[in-house]
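Position 173 (the sequence shown) corresponds to 229 in my numbering; numbering is contiguous. Yeah, the Cβ is synthetic: ideal placement off N, Cα and C, and Gly gets one too. Before any comments, here is the structure.
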Amino acid sequence: MDPVKFFLPDEALPSRWYNLAADLPKPLPPPLHPGTGRPLGADDLAPLFAAALIEQEMSTERWIPIPEEVRSLLLQWRCTPLYRARRLEAALGTPAKIFYKYEGVSPTGSHKPNTSVPQAFYNAREGTRRISTETGAGQWGSSLALACQAFGLECLVYMVRVSFDQKPYRRALMEAFGATCIPSPSDTTASGRAILAENPDSTGSLGIAISEAVEVAATHDDTRYCLGSVLNHVLLHQTVIGLEAIEQLKLAGAWPDVIVGCTGGGSNFAGIAFPFLGEKLRGGKDVRLVAVEPSACPTLTRGRLAYDFGDTAKLTPLVRMHTLGSSFIPPGFHSGGLRYHGMAPLVSHIVDLGLAEATSFNQLDSFAAGVRFARAEGIIPAPEACHAVAGAIREAERCTAEGRAETILFNLCGHGHFDMQAYIDYHAGKLRDYAYPEEEIALALAGLPTVPGSAQGI
Ligand SMILES: *Cc1c(COP(=O)(O)O)cnc(C)c1O
């Protein structure tokens, strides 16, 4: 009988991250200073980020060494398992082979600690005392709290109000790791107070919470800011997922025809896909990449590729990405980790270059896929991960229709143990679909910033 799980020994933990920037056929357009419209320098970012992270952000080196202190922490749960989804294949009656990489075995149940650990490490090494950040559903906040605890840093987390109210367990996890968690918008920052003055009942958004966290870092010398997705260095840190998967698929004697991941800010998708894309760009085998997003926050499928702010208060640099506009506030659907108005510039860029495809699923269809997966494989996917499952099942059904025995690899980026209320609501028939009306997207996009020397207006 063929094996269903592929484990790697500790020694196989990657010793370097893979940087896609080294192999891109066309370089990534740089982030711009919002005032001058000129490309950003390392000095512009220094008040916010650790120097080592800024260097990684701008690097075009193909391989970047992982410090031993980081590797020794990652070893607690890495290498993560790769599974062959035999029972799901049987349930679907598909000729396709389905593999999934399971990132839910980390201490916080998702891929996020892959980057929180190095971000905390470099900050601690450079003398940062406190880190500020935002969190949507709480996966990032709890992962950063874990890493800050390991390296002796204070951690201040602005948590989107709707999730703060819906997900008390995530907050408890952050506090257990020693972090302070404040619901956003809050009255502790000028950006938060401005939002509350306009709308005292604001349920918040990632864009607003980012403004608050960035403001705290910009106004305190001992505080730096960390982001859990979107930025190049975050995607870089996540490539351990794909690098391990390459070795595990070799053990299985397989290579993927298609790789599927869900996309909020793009980091877990990049983490599994970029090392394979790199092999392809260096002359290796072809592979299709499919990014799956929620219909209620359709950044890649209905947004525009343009320079935009990363936050609502317009404090961040301008980055070129697929965006729904920085004023976009997605509805309160359950995949909190996917509710961001923008997309990682690197993911946007490869979609623009035709190296990756994007598709969307609504909330009900993605939960239906998640339940189908749970019944076959025995793992409850995080609501975000349900989108990747839905994408993989759609690919498997296409293989069935076409009679093709393709190999499908997807990233099961987290478990749903903290999200069981969403499953309760789903089974009680309480979840609704919400497709964003075209007018609202047009309205949010009309507010895109003007960029000197670039025609991106409507
Ligand atoms: C944060 C998170 C996401 C979304 O972020 P990406 O950067 O797109 O990966 C998706 N799934 C889970 C489980 C998360 O914690």
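Residue 270 and residue 88 look like a contact to me (Cβ under 8 Å); what is the Cβ gap, rounded to whole Å? Counting from 1 along the sequence shown, the entry for residue 270 is found at position 214. Counting from 1 along the sequence shown, the entry for residue 88 is found at position 32. Contact doesn't hold; Cβ gap of about 17 Å is too wide.
Return the CA-CA distance between residue 373 and residue 506, expressed in angstroms with no decimal places. The residue labelled residue 373 in the question sits at position 317 within the sequence shown. The residue labelled residue 506 in the question sits at position 450 within the sequence shown. So the two alpha carbons sit approximately 13 Å from each other.
Where does residue 94 land, buried or exposed, given buried means 16+ other C-beta within 10 angstroms? Here residue 94 refers to the residue found at position 38 when the sequence shown is read from its first residue. Residue 94 should be labelled exposed.
Using the DSSP secondary-structure output, state which residues sit across from residue 238 in a beta bridge. The count along the sequence shown starts at 1 and reaches residue 238 at position 182. Answer is 214, bridged to residue 238.
DSSP three-state call for residue 414: helix, strand or coil? For the purposes of this step, residue 414 is taken as residue 358 along the sequence shown, with counting starting at 1. Here residue 414 sits in strand by DSSP.
Using CA atoms only, rank isn't needed, just tell me which of 136, 359, 343 is closest to residue 495. On the sequence shown, position 439 is the one that residue 495 refers to. Answer by Cα proximity: 359.
Return yes when the C-beta of residue 175 is under 8 Å from any heavy atom of ligand 1, and no when it is not. As a working mapping, residue 175 is identified with position 119 in the sequence shown. No, ligand 1 has no heavy atom inside 8 Å of this Cβ.
Could you pull out every unbroken beta strand (DSSP E) segment of at least 3 residues lying fully inside the region 362 to 444, listed in chain order? 374 to 379, 413 to 417
Ligand 1 and residue 279: does any heavy atom of the ligand fall closer than 8 Å to the residue's C-beta? The residue labelled residue 279 in the question sits at position 223 within the sequence shown. No - ligand 1 has no heavy atom lying nearer than 8 Å to the Cβ of residue 279.
Taking contact to mean at least 3 C-beta pairs separated by less than 8 Å, is the region 405 to 423 in contact with the region 456 to 463? no
Does residue 121 come out as helix, strand or coil in the three-state DSSP assignment? Position 65 of the sequence shown holds residue 121. Note: residue 121 maps to strand in three-state DSSP.
With distance defined between alpha-carbon atoms, name the residue in 300, 187, 237, 231 nearest to residue 67. Translated into the one-based positions of the sequence shown, residue 67 becomes position 11. Cα-wise, what sits closest to residue 67 is 300.
Closer than 8 Å: residue 308 CB and nearest ligand 1 heavy atom: The residue given as residue 308 occupies position 252 in the sequence shown. No, since every heavy atom of ligand 1 falls outside the 8 Å radius drawn around the Cβ of residue 308.
For residue 165, the nearest candidate out of 173, 199, 192 (CA to CA): Looking up residue 165 in the sequence shown gives position 109. It is 199 whose Cα lies nearest to the Cα of residue 165.
Exposed or buried, what is residue 500 when buried is set at 16 or more other beta-carbons lying within 10 Å of its beta-carbon? As a working note, residue 500 is residue 444 in the sequence shown. Buried.
Given a cut-off of 9 Å, decide if residue 226 and residue 195 are closer than it, judged by their beta-carbon atoms. Counting from one through the sequence shown, the residue named residue 195 turns up at place 139. Counting from one through the sequence shown, the residue named residue 226 turns up at place 170. In this structure, residue 226 lies closer than 9 Å to residue 195 by Cβ.
Considering only residues of the same chain and omitting the five flanking positions on each side of residue 482, which have a CB-CB separation below 7 Å? Residue 482 sits at position 426 when you count from the first residue of the sequence shown. Closer than 7 Å at Cβ, skipping near neighbours: 423.
Our contact map puts residue 207 next to residue 233 with C-beta atoms below 8 Å; I'd like the distance itself, whole angstroms only. Taking the sequence shown and counting its residues from 1, one reaches residue 207 at position 151. Taking the sequence shown and counting its residues from 1, one reaches residue 233 at position 177. Residue 207 to residue 233, Cβ: 12 Å. No contact.
Quick check on DSSP: helix, strand or coil for residue 166? The residue given as residue 166 occupies position 110 in the sequence shown. It is a strand residue.
Rounded separation between residue 395 and residue 192 - CA only: By 1-based counting over the sequence shown, the position of residue 395 is 339. By 1-based counting over the sequence shown, the position of residue 192 is 136. Roughly 8 Å separates the two Cα atoms.
With hydrogens ignored, establish whether the beta-carbon of residue 375 is closer than 8 Å to any heavy atom of ligand 1. By one-based count along the sequence shown, residue 375 stands at place 319. It does not: the Cβ of residue 375 is nowhere closer than 8 Å to a heavy atom of ligand 1.
Opposing strand residues paired with residue 189 [DSSP bridges]: Position 133 of the sequence shown, counting from 1, holds the residue named residue 189. Note: residue 189 sits in a beta bridge opposite 213.
Hey, would you say the C-beta of residue 300 is under 8 Å away from at least one heavy atom of ligand 1? Position 244 of the sequence shown, counted from the start, is the residue given in the question as residue 300. No.
Evaluate contact between the region 369 to 384 and the region 437 to 454, counting only Cβ atoms and requiring at least three cross-stretch pairs below 8 Å. no
If distances are taken between C-alpha atoms only, which option among 293, 429, 241 comes closest to residue 257? Within the sequence shown, numbered from 1, the residue matching residue 257 stands at position 201. Of 293, 429, 241, the residue nearest in Cα terms is 241.
Go ahead and pull the three-state DSSP assignment for residue 61. On the sequence shown, residue 61 is found 5 positions in, with the first residue counted as 1. In the structure shown, residue 61 sits in a strand (DSSP, three-state: E or B).
Taking only runs that begin and end inside the region 450 to 499, name each unbroken alpha helix (DSSP H) of 4 or more residues, in chain order. 476 to 483
Distance check for residue 386 and residue 399, CA to CA, integer angstroms please. Locating residue 399 in the sequence shown gives position 343, counting from the first residue. Locating residue 386 in the sequence shown gives position 330, counting from the first residue. Residue 399 and residue 386: Cα-Cα distance of roughly 14 Å.
Tell me, please, which residues DSSP counts as bridged to residue 350. Stepping through the sequence shown from its first residue, residue 350 is reached at position 294. 417, per the DSSP bridge assignment.
I'd like to check one pair, residue 62 with residue 109: are the Cβ atoms closer than 9 Å? Position 53 of the sequence shown, counted from the first residue, corresponds to residue 109. Position 6 of the sequence shown, counted from the first residue, corresponds to residue 62. In this structure, residue 62 does not lie closer than 9 Å to residue 109 by Cβ.
Outcome for residue 513 when other beta-carbon atoms lying within 10 angstroms are tallied against a minimum of 16: By one-based count along the sequence shown, residue 513 stands at place 457. Only weak support is given to the placement of residue 513: the predicted model assigns it a pLDDT of 43, under 50, and the question is left unresolved by the model.
On the DSSP bridge list, what partners appear for residue 154? As a first step, residue 154 must be located in the sequence shown, where it is residue number 98. DSSP, once it has assigned bridges, lists 464 as partnering residue 154.
Applying the criterion that 16 or more other CB atoms from any shown protein chain within 10 Å of the CB defines a buried residue, is residue 248 buried or exposed? Residue numbering aside, residue 248 sits at position 192 when the sequence shown is read from its first letter. Label assigned to residue 248: buried.
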